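Data first, discussion second: the structure below is written as structure tokens.
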Amino acid sequence: MKSVLIGTALAPFLFLGGCGPSSEAPPEEPAAGAVAMADAGEGGPTAEATADSADAKGFSQKVNAGGETGRFQFEYSWPAQVSAVPSLVARFDAERAAAYANWRGEWDEAQEDTVMADCVSCRSRGYDKEWSVVTDLPRYLSLSASVYSYTGGAHGMTVYDALVWDREKEVAIKPIDMFRNTQVLDAAVQDDFCDHLDKARARKRGGPVKRNGDPFYDCIAPVANSTVILGSAGKQGFDRVGFLIPAYNAGPYAEGTYEVTLPVTPALLDTVKPEYVRAFQVR
């Protein structure tokens with residue numbers, strides 16, 4: 001898989017009232033590391049999950065169930081680099097199982113709702129978490145995830161997650177926890193962050209952004225409004241920092257998500273905790 005600085009933005013699930021009715025109960029959750037498929041026939045629910053950890057291939061679970069009373073879609077995936085790390089697979093597999101149980105429970109409850117019996121979208125649920133490689137360094141594997149959820153209504157929402165896997169210590173680290181605190185990181189990047197964000201807003205809006213006291217036009221606090229991820233252009237150390245900004249934090253929903261990527265400067269490096277300084281490089 002190609003290393004990227006950001007996770008892939010996911011297209012919304014489609015919940016269509018014209019889907020055929022479900023004739024059987026939704027399929028059971030397949031386990032990670034297995035290959036499973038269930039098909040109830042035309043109009044029935046289907047579920048598919050594929051993985052081959054032995055060959056260090058990526059993992060993907062997909063569940064698609066329901067019908068006229070509401071749809072249930074669940075997806076969870078990770079790349080081959082994760083499958084090569086058993087401890088990380090165990091971590092993600094536990095998260096996947098918990099997410100499946102939660103969202104399956106949400107959907108089951110929605111099917112029992114008689115008040116909104118004629119509203120297919122109101123009784124539909126969806127969840128999709130896709131992990132992607134940001135950069136793969138000798139010691140650290142940096143990952144980001146795009147997380148799409150649908151709870152009924154006009155549209156779902158996309159947010160982000162991120163972690164850095166330390167191969168030497170076999171622990172997962174939140175990228176933001178590699179910095180001394182959010183205040184010093186914000187102070188070090190605020191001006192450049194605002195400049196890049198305004199340029200991105202202008203590209204989407206077709207004109208310059210004028211500050212007017214509205215958070216959709218004014219600058220925002222970088223860390224509080226985004227998920228921090230760590231990338232590398234030189235492949236020797238983390239030399240750039242990314243900020244993944246969900247919809248509504250920097251603009252209206254119609255504009256979607258925003259991304260700001262900044263190089264590691266001496267000022268930014270000074271905000272890194274001493275134990276992680278050697279993992280970073282100034283660009």
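All the letters of the sequence shown, read from the start, carry residue numbers 1 to 283 under UniProt numbering.
From the three backbone atoms N, C-alpha and C, an ideal C-beta is built for every residue, glycine too.
Note that the structure is predicted; figures quoted are calculated from it, not measured.
Give me the residue from the options with the minimum Cα distance to residue i.
i	options	result
GLN183	SER87, GLY206, THR69 and ALA221	ALA221
GLY256	ASP166, TYR160 and ARG278	TYR160
THR265	TYR253, ASP239 and ALA250	ASP239
ALA247	ASP166, VAL147, GLY58 and LEU141	VAL147
LYS204	ASN212, PHE216 and PHE193	PHE216
LEU268	VAL82, PHE193 and ASP118	PHE193
THR227	GLY251, VAL241 and CYS219	VAL241
ASP136	TYR150, ASN102, GLY126 and TRP165	TRP165
HIS196	ASN64, ARG139 and PRO263	PRO263
LEU185	ASP270, GLU106 and GLY67	ASP270
LYS169	GLU112, GLU275 and ASN64	GLU275
SER60	TRP107, THR69, ASP128 and ARG123	ASP128
GLN81	LEU141, ASP113 and TYR100	LEU141
ALA187	VAL223, ARG139, ASP218 and GLY206	VAL223
CYS119	ALA101, ARG283, THR151 and ALA98	THR151
Does the Cβ-Cβ distance between residue i and residue j come in under 8 Å?
i	j	result
ARG91	TYR76	no
ALA171	ILE229	Rather than Ala, the amino acid found at residue 171 in this sequence is Val. Not in contact: VAL171 and ILE229 (Cβ atoms no closer than 8 Å).
GLN281	GLY231	no
LYS62	SER83	no
ARG211	GLY251	no
VAL89	PHE179	no
LEU244	SER144	yes
ASP198	VAL209	yes
THR69	GLN111	yes
DSSP three-state label for residue i, please.
i	result
THR261	strand
GLY44	Caution applies to GLY44, whose pLDDT of 28 falls short of 50 and renders its modelled position unreliable; the model cannot decide the point.
ARG96	helix
ARG203	helix
ARG125	strand
THR135	strand
THR182	helix
LYS273	coil
GLU75	strand
PHE193	helix
GLY105	helix
ALA162	strand
ARG240	strand
residue 285	The structure shown does not extend to residue 285, since the chain is modelled only from 1 through 283, so no value can be given for it.
GLN281	coil
If residue i and residue j are in contact, beta carbons under 8 Å, what's the gap, nearest whole angstrom?
i	j	result
ILE173	LEU163	7 Å
PRO86	SER132	Between SER132 and PRO86 the Cβ distance is about 20 Å, and since that is not below 8 Å, they are no contact.
GLY156	SER121	GLY156 to SER121, Cβ: 10 Å. No contact.
GLY237	ALA279	6 Å
ARG123	GLU106	Not confirmed; about 10 Å, so no contact.
ARG104	ARG139	The Cβ separation is near 37 Å, so there is no contact.
According to the neighbour-count rule (16 or more other Cβ atoms, all chains shown, within 10 Å of its Cβ), is residue i buried or exposed?
i	result
GLN73	buried
VAL277	exposed
GLU130	buried
ARG71	buried
SER22	The predicted model places SER22 with a pLDDT of 30, which falls under 50 and marks its position as unreliable; any figure quoted below should be read in that light. It is buried - the Cβ of SER22 has at least 16 other Cβ atoms within 10 Å.
ALA65	buried
ASN225	buried
TYR253	exposed
Under the criterion of a Cβ to heavy atom distance below 7 Å, does residue i qualify as lining the ligand SAM?
i	result
ARG203	In the structure on display, the ligand SAM does not appear, and there are no ligands present to speak of.
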